[in-house]
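Letter by letter, the sequence shown follows residues 0 to 245 of numbering that gives the first Met the number 0.
Okay, structure first, notes after.
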Amino acid sequence: MSKATPPKTSTVPLLNMLVARFPFQSLSYAYYFSQPRVILMEQLKLAYIPIPKIAHTSIKRAIAKIPEDKKIKIHQVPFKNVPLKDFDPREYYTFSFVRNPLMRLISLYERNVNEEYPQHLFHLYGNTFKHKMSFTDFVTEVCNIPDNRADKHFRSQHWFLELEKDIVPDFIGRFENMESDWEILNKKYDLGSIQKHNASSKVNIESYFTPKTLDLVLKRYQKDITLFGYEKEIEVVFSNLFEKEA
Numbered sequence: 000m001s002k003a004t005p006p007k008t009s010t011v012p013l014l015n016m017l018v019a020r021f022p023f024q025s026l027s028y029a030y031y032f033s034q035p036r037v038i039l040m041e042q043l044k045l046a047y048i049p050i051p052k053i054a055h056t057s058i059k060r061a062i063a064k065i066p067e068d069k070k071i072k073i074h075q076v077p078f079k080n081v082p083l084k085d086f087d088p089r090e091y092y093t094f095s096f097v098r099n100p101l102m103r104l105i106s107l108y109e110r111n112v113n114e115e116y117p118q119h120l121f122h123l124y125g126n127t128f129k130h131k132m133s134f135t136d137f138v139t140e141v142c143n144i145p146d147n148r149a150d151k152h153f154r155s156q157h158w159f160l161e162l163e164k165d166i167v168p169d170f171i172g173r174f175e176n177m178e179s180d181w182e183i184l185n186k187k188y189d190l191g192s193i194q195k196h197n198a199s200s201k202v203n204i205e206s207y208f209t210p211k212t213l214d215l216v217l218k219r220y221q222k223d224i225t226l227f228g229y230e231k232e233i234e235v236v237f238s239n240l241f242e243k244e245a
């Protein structure tokens with residue numbers, strides 16, 4: 000995992016401490032009002048629904064035609080976008096990418112909790128999430144938070160893609176097959192190349208989970224696992240964990 004840039008001030012834990020003064024994680028209810036959004040490419044009649052922790056920065060750089068070596072903060076680049084609830088999918092070919100829920104949690108933990116200089120610690124939950132907390136504790140807390148109060152980084156993936164209980168995208172690629180799935184879109188829409196993502200293959204998923212924490216994740220993200228076809232991968236992890244425990 001790449002190291003994060005050290006923050007200019009030590010505001011990360013301070014913000015958590017301040018928010019912790021509010022009882023019952025009350026500020027996290029602000030997430031209830033958040034809405035998934037859709038990026039529109041009008042000329043191509045193409046639409047992209049980003050999901051955090053699934054290469055969305057690289058995808059936005061690609062569709063904006065910004066080379067990876069250019070030091071431009073993609074989050075400052077204006078994209079035409081609308082709330083999903085106001086989007087008419089009949090007018091666009093829509094795509095998105097999903098990721099193994101286990102790897103998405105590991106990536107989130109390493110980037111936002113376990114890094115020497117974390118980006119943030121999900122401030123609206125107060126001191127629920129602590130710098131360098133164990134992965135087991137992190138997973139336990141995440142799985143106790145329902146989607147309507149979940150930070151977008153650990154909110155269920157299907158939440159971003161559903162409109163009136165229907166899945167919107169015409170094409171759903173996998174982070175694990177990023178290059179080949181992206182090429183399908185690229186051939187049709189000339190979107191350009193995308194940064195390679197191969198870090199997942201180097202991560203030993205089983206070293207992070209126990210049978211108990213894996214069971215928590217299975218219950219919390221069951222719909223994502225079933226809907227996006229990750230059952231077999233997770234069954235292998237489950238089987239290997241139980242063999243170790245035996």
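Using N, Cα and C, we set each Cβ at its ideal position, and we do this for glycine too.
The structure displayed is predicted, hence computed values, not measured ones.
Distance between residue j and residue i (C-alpha atoms, nearest Å)
i: R60; j: I193; result: 8 Å
i: N239; j: P100; result: 17 Å
i: Q156; j: V97; result: 7 Å
i: T56; j: I73; result: 7 Å
i: R219; j: E234; result: 16 Å
i: L217; j: R103; result: 13 Å
i: P117; j: H130; result: 7 Å
i: A19; j: E140; result: 15 Å
i: P145; j: F128; result: 15 Å
i: N185; j: P168; result: 16 Å
i: P77; j: M40; result: 12 Å
i: K195; j: F21; result: 42 Å
i: T232; j: P210; result: In the sequence under discussion, the amino acid at residue 232 is Glu, which differs from the Thr named in the question. Approximately 15 Å between the Cα atoms of the pair.
i: I166; j: K201; result: 31 Å
i: F237; j: Q42; result: 46 Å
i: I65; j: G191; result: 10 Å
i: K251; j: R89; result: Outside the modelled stretch of the chain, which goes from 0 to 245, sits residue 251, for which no answer is possible.
i: E115; j: A54; result: 22 Å
Reduced DSSP category for residue i - H, G, I as helix; E, B as strand; rest coil
i: S155; result: coil
i: T139; result: helix
i: P100; result: helix
i: I48; result: coil
i: V76; result: coil
i: M16; result: helix
i: Y108; result: helix
i: D150; result: coil
i: V37; result: strand
i: T93; result: strand
i: P6; result: Here the model assigns P6 a pLDDT of 48, short of 50, so the residue's position is not dependable and the matter cannot be decided.
i: V167; result: coil
i: P82; result: strand
i: L120; result: coil
i: E178; result: helix
i: E242; result: helix
i: Q115; result: A small correction: the amino acid at residue 115 is Glu; Gln does not occupy that position in the sequence shown. Residue state, collapsed to three classes: coil.
For residue j and residue i, believed in contact at Cβ under 8 Å, the rounded distance
i: Y30; j: R148; result: 5 Å
i: F153; j: Y207; result: About 15 Å separates the two Cβ atoms, so there is no contact after all.
i: Y47; j: S95; result: 7 Å
i: F170; j: I50; result: Contact flag wrong, Cβ pair sits at about 14 Å.
i: L248; j: Y188; result: For residue 248 there is no data in the structure shown, the boundaries of the chain being 0 and 245.
Burial state of residue i, where buried means 16 or more other Cβ atoms lie within 10 Å
i: D223; result: buried
i: N203; result: exposed
i: Y28; result: exposed
i: D150; result: buried
i: S179; result: exposed
i: G172; result: buried
i: N15; result: buried
i: L83; result: buried
i: L213; result: buried
i: I58; result: buried
i: F32; result: exposed
i: G125; result: buried
i: K164; result: exposed
i: T225; result: exposed
i: K79; result: exposed
Residue i: CB within 6 Å of a non-hydrogen atom of the ligand GTP
i: V141; result: The model on display carries no ligand, and the ligand GTP is accordingly not part of it.
**Whole alpha helix (DSSP H) elements within the region 187-220, 4-residue minimum** = If you keep only unbroken alpha helix (DSSP H) runs of at least 4 residues inside the region 187-220, you get 210-219.
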